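In the UniProt record's numbering, the protein residues as written are 1 to 239.
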């Protein structure tokens, strides 16, 4: 029997250009860390191919990374096992968890072709000692990063598989809303295996849960990595 949750719908926004033109307001250069590039904290942007490593777990941390375009992911190696710990979208600052110990706690890879800006950690903190606005910006980003961890626990802890998948789709959609991309048809840059690792599920469970959500008219599955959210509120009700 189909759920009535699908009645809690929002207008579907057609998928447009997945990479609309953007300026550096996505980077801290245009935000709060280094206004007008006064201290030249933002190093030259680099391009990475899908699968290319930006930072490796347990190596000395010299840089923070800001995604200008594309998607990245981080993973944690525990013995012979590798677990996906986080997904990143444009505008996200990566490797903030390496600031205190100056060691990368995760391995960060480009999930797609990506353009990434670099911030030298030592130079950043040297400037922060002199400029309160830079210090405040760093504290703000660190707090936001910690808040994400707490929110992830709230979304996924003690939830059944279907609820975790619904929460993941809501999370991914909301990440795009924050950067001005309201399309409800999403091209997932991550494989089902990676999503399963992130949610601590089996691949078969991910596929089965997606099908169940589709049967409830909450989503529409297209190609392997493309999904339309038919009911944002319906999906959010699982959280």
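Quick reminder that beta carbons are idealized off the backbone N, C-alpha and C, glycines included. Given the structure is predicted, the values throughout are model-derived calculations rather than measurements.
Taking its Cβ as the centre, do 16 or more other Cβ atoms sit within 10 Å of residue i, making it buried, or is it exposed?
{"i": "residue 125", "result": "exposed"}
{"i": "residue 87", "result": "buried"}
{"i": "residue 143", "result": "exposed"}
{"i": "residue 196", "result": "buried"}
{"i": "residue 136", "result": "exposed"}
{"i": "residue 201", "result": "buried"}
{"i": "residue 153", "result": "exposed"}
Assuming contact is defined by CB atoms lying nearer than 8 Å, are residue i and residue j in contact in what I supplied?
{"i": "residue 34", "j": "residue 134", "result": "yes"}
{"i": "residue 156", "j": "residue 188", "result": "no"}
{"i": "residue 186", "j": "residue 227", "result": "yes"}
{"i": "residue 238", "j": "residue 166", "result": "yes"}
{"i": "residue 62", "j": "residue 149", "result": "no"}
{"i": "residue 91", "j": "residue 179", "result": "yes"}
{"i": "residue 221", "j": "residue 229", "result": "no"}
{"i": "residue 45", "j": "residue 116", "result": "yes"}
{"i": "residue 112", "j": "residue 50", "result": "yes"}
Between residue i and residue j, what straight-line distance do the alpha-carbon atoms span, to the nearest angstrom?
{"i": "residue 132", "j": "residue 40", "result": "16 Å"}
{"i": "residue 242", "j": "residue 118", "result": "Any question about residue 242 goes unanswered here, given that the chain covers just 1 to 239."}
{"i": "residue 104", "j": "residue 52", "result": "16 Å"}
{"i": "residue 114", "j": "residue 73", "result": "11 Å"}
{"i": "residue 75", "j": "residue 217", "result": "32 Å"}
{"i": "residue 130", "j": "residue 83", "result": "39 Å"}
{"i": "residue 176", "j": "residue 184", "result": "10 Å"}
{"i": "residue 172", "j": "residue 99", "result": "26 Å"}
{"i": "residue 219", "j": "residue 101", "result": "42 Å"}
{"i": "residue 110", "j": "residue 79", "result": "22 Å"}
{"i": "residue 95", "j": "residue 146", "result": "12 Å"}
{"i": "residue 93", "j": "residue 47", "result": "16 Å"}
{"i": "residue 215", "j": "residue 225", "result": "18 Å"}
{"i": "residue 159", "j": "residue 68", "result": "33 Å"}
{"i": "residue 174", "j": "residue 151", "result": "13 Å"}
{"i": "residue 168", "j": "residue 81", "result": "22 Å"}
Here's a check: name, in chain order, each residue in its chain whose Cβ is nearer than 7 Å to the Cβ of residue i, leaving out the five neighbours to either side.
{"i": "residue 123", "result": "41"}
{"i": "residue 192", "result": "203, 206, 207"}
{"i": "residue 190", "result": "73, 87, 111"}
{"i": "residue 194", "result": "73, 84"}
{"i": "residue 209", "result": "161, 162, 165"}
{"i": "residue 141", "result": "93, 96"}
Who are the Cβ neighbours of residue i in its own chain at under 6 Å, not counting the five residues just before and after it?
{"i": "residue 97", "result": "105"}
{"i": "residue 127", "result": "39, 134"}
{"i": "residue 181", "result": "none"}
{"i": "residue 170", "result": "235, 236"}
Taking Cβ positions only, does residue i come closer than 8 Å to chain C?
{"i": "residue 108", "result": "Among the chains of the structure shown, chain C does not appear; only one protein chain is present."}
Among residues of its own chain, excluding the 5 on either side of residue i, which ones have a beta-carbon nearer than 8 Å to its beta-carbon?
{"i": "residue 85", "result": "74, 75, 76, 106, 198"}
{"i": "residue 212", "result": "162"}
Within 8 Å, do at least three Cβ pairs link the region 45-60 to the region 104-116? yes
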